[in-house]
């Protein structure tokens, strides 16, 4: 029972992640979450101001988890920065395909949008920090003059769009296309 432990906040977050993964965030009801955990609304409000605050916490946890998984998977391969960026794209596309509700939530819920616009987005949204690191390395390696922000937007928009197309079964994954697109967007051969 969640209310009897010191892990109430984490229990609420983990159950919310599971529910979002199963049915999407639109189906989340605080009443049903709390009922499943045998908690009162007072217990919830000790940890979160409201549902938006819960979603912001969930966004940060999911971003941290995926960012850590991606970085561990890719860094273990000892790739060049451009190949690491392509591997990150592949990782993200696989997440869109295998966890569609969670990825939609991660990138498109209103809490995530607010985090994207915050000055601390790299610390609040660790999944954004890793591609930014790779882009900086690529810019240094190829001596690119484009701003890191513009390059990030181009790459990240492509990865998200490609992931959504694959998730919706509009196309099939093609790693060669991913690499060719990354090179074209970055402006390298």
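Residue numbers (this note's numbering): 1 to 189.
C-beta atoms are modelled at their ideal positions from N, C-alpha and C, and glycine is treated no differently.
Fair warning: this is a prediction, and the values are worked out from it, not measured in the lab.
Cβ neighbours of residue i in the same chain (closer than 6 Å, five flanking residues each side left out)
i: residue 1; result: The predicted position of residue 1 is uncertain, since its pLDDT is 49 and thus under 50; no value can be drawn from it.
i: residue 23; result: none
i: residue 48; result: 54
Identity of the residue in the options nearest residue i by Cα
i: residue 34; options: 26, 43, 27; result: 43
i: residue 104; options: 58, 6, 177, 82; result: 58
i: residue 62; options: 137, 180, 50, 10; result: 10
i: residue 89; options: 65, 113, 115, 130; result: 130
i: residue 141; options: 176, 81, 13; result: 81
i: residue 65; options: 45, 41, 173, 14; result: 14
8 Å Cβ cutoff met for residue i and residue j
i: residue 31; j: residue 97; result: no
i: residue 76; j: residue 144; result: no
i: residue 158; j: residue 185; result: yes
i: residue 162; j: residue 178; result: yes
Coarse secondary structure for residue i, derived from DSSP in three states
i: residue 86; result: helix
i: residue 56; result: helix
i: residue 188; result: coil
i: residue 1; result: In this predicted model, residue 1 has a pLDDT of only 49, less than 50, meaning its place in the structure is not dependable enough to derive any value.
i: residue 145; result: coil
i: residue 136; result: helix
Residues of its chain near residue i, where Cβ-Cβ distance is below 7 Å and the 5 sequence neighbours each way are ignored
i: residue 111; result: 52, 55, 56, 59
i: residue 79; result: 87
i: residue 84; result: 74, 134
i: residue 41; result: 34
Cβ separation of residue i and residue j, assumed to be a contact under 8 Å, to the nearest whole Å
i: residue 93; j: residue 182; result: Not confirmed; about 12 Å, so no contact.
i: residue 21; j: residue 102; result: 5 Å
i: residue 116; j: residue 108; result: With a Cβ gap of about 10 Å, residue 116 and residue 108 do not count as contacting.
Beta-carbon proximity list for residue i, same chain, < 8 Å, skipping 5 on both sides
i: residue 99; result: 21
i: residue 165; result: 171
i: residue 68; result: 126
i: residue 148; result: 132, 135, 136, 139
Beta carbon proximity, residue i to chain D, threshold 8 Å
i: residue 110; result: Absence of chain D from the displayed structure is noted, only one protein chain being present.
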